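Residue numbers (the working numbering): 1 to 284. Where is the CB? At the ideal position from N, CA and C, for every residue including glycine. If you're wondering where the values come from, they're calculated on a predicted model, not measured in any experiment.
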Amino acid sequence: MGRNFRIAAIIGGVVLIVSISLLFLLVAGKESSRKSTISGNQQYGRNIFSPSDIEYSVQNQYPQKTYSTLTNDEKKDVQKFLIEQTVVLEEAKNKNLMPIDERIFAPNKNQQEYNKAYERAKELILNDVQQMTVEGVFIWFNVGNPEPPVPLSQAKEITRQKMEAIRADIVAGRITMEEAGERIRKDESLSQFDSIYKSNAYAKYPSRDATTSIDSNLSEADNVRLWQLSPSEFSPLMLGLYRPSIDEDPEEGFWGIYHVLDKSGTITSYDDWLNEKIQEYETN
1 MGRNFRIAAI IGGVVLIVSI SLLFLLVAGK ESSRKSTISG NQQYGRNIFS
51 PSDIEYSVQN QYPQKTYSTL TNDEKKDVQK FLIEQTVVLE EAKNKNLMPI
101 DERIFAPNKN QQEYNKAYER AKELILNDVQ QMTVEGVFIW FNVGNPEPPV
151 PLSQAKEITR QKMEAIRADI VAGRITMEEA GERIRKDESL SQFDSIYKSN
201 AYAKYPSRDA TTSIDSNLSE ADNVRLWQLS PSEFSPLMLG LYRPSIDEDP
251 EEGFWGIYHV LDKSGTITSY DDWLNEKIQE YETN
């Protein structure tokens, strides 16, 4: 009886020790999973990020996670954002867009000051994205009339000749674009092609960036040609599109002449510029 009791006590003690050990390992494992697995500082260009800086960025992008619990794709997202911040801040400093203290690139950052500097630098860079303001004059020869009074091929040629004459006067400086629009409005013969030809005669397009079509009724290739024009330059005669419906293919619809009123900026697209810079960091 006594011997059995001692054996039972020993077994119970062993079970207790094993249980406590397992509990300790479980708790230790959880605590370990909460800790960052970032080994030391990470540096991109002149910008150095401490583990705490990186964890701060993780919390902004993935609030419920720590670096150690991120997937590989999520880690790449965090890395990409750190590089974006670096690219933007270095660009602003190198081009003297704003005063930037060199200490901002040091590890263990003051996150409030750092983020404020990044947002301001990005705003200044976005101001350098190309913008263009354009005006245009138009004559439509196809507006979807099921029984046009003039065959489309004939209407297209008649209106082309009218627009060629108008463009010659514009380029020679004899009339402005707005005066060209007024000339079109006074040509009553155009009503046989387009009942609202007066309203369609002239338009001014608000400032666009290079990721946006100047005129969605032009082909992609012609929109690219417009972006290649210099300030005050006139486009050649361009053939625009009439779109019957979303499900139908576009048809030839009008002739247009475009004039660049203003063009500014040196960066074609912020996203394209940023991706090029990021690729430089990833390959270096």
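Check	Outcome
Give me the residue from ASP169, ILE125, VAL260 with the minimum Cα distance to ASN94.	ILE125
In three-state DSSP terms, what is PHE105?	helix
Can you tell which of HIS259, ASP272, GLU251, TYR281 has the C-alpha that lies nearest to the C-alpha of GLY144?	GLU251
Out of ILE139, SER68, GLY265, which one is the CA nearest neighbour of GLU161?	Before going on, a small fix: residue 161 reads as Gln here, not Glu. The option with the nearest alpha carbon to GLN161 is ILE139.
Does DSSP put ARG120 in a helix, in a strand, or in coil?	helix
Hey, could you find the ends of the beta strand (DSSP E) VAL260 is sitting in?	251 to 264
Considering only their Cβ atoms, is the gap separating TYR44 from TYR281 smaller than 7 Å?	yes
Could you pull the start and end residues of the beta strand (DSSP E) that GLU135 belongs to?	131 to 140
Are three or more beta carbon pairs between the segment 255 to 269 and the segment 231 to 247 nearer than 8 Å?	yes
Can the beta-carbon of TYR67 be found closer than 7 Å to that of ILE38?	yes
Return the first residue and the last residue of the beta strand (DSSP E) that SER199 is part of.	Per DSSP, SER199 belongs to no beta strand (DSSP E); it is in the alpha helix (DSSP H), 197 to 200.
Whose C-beta lies closer than 6 Å to the C-beta of ASP128 among residues of the same chain, with five residues either side of it excluded?	GLY265, THR266, ILE267
Pull up the distance between the alpha-carbon of GLU90 and that of THR211, whole angstroms please.	24 Å
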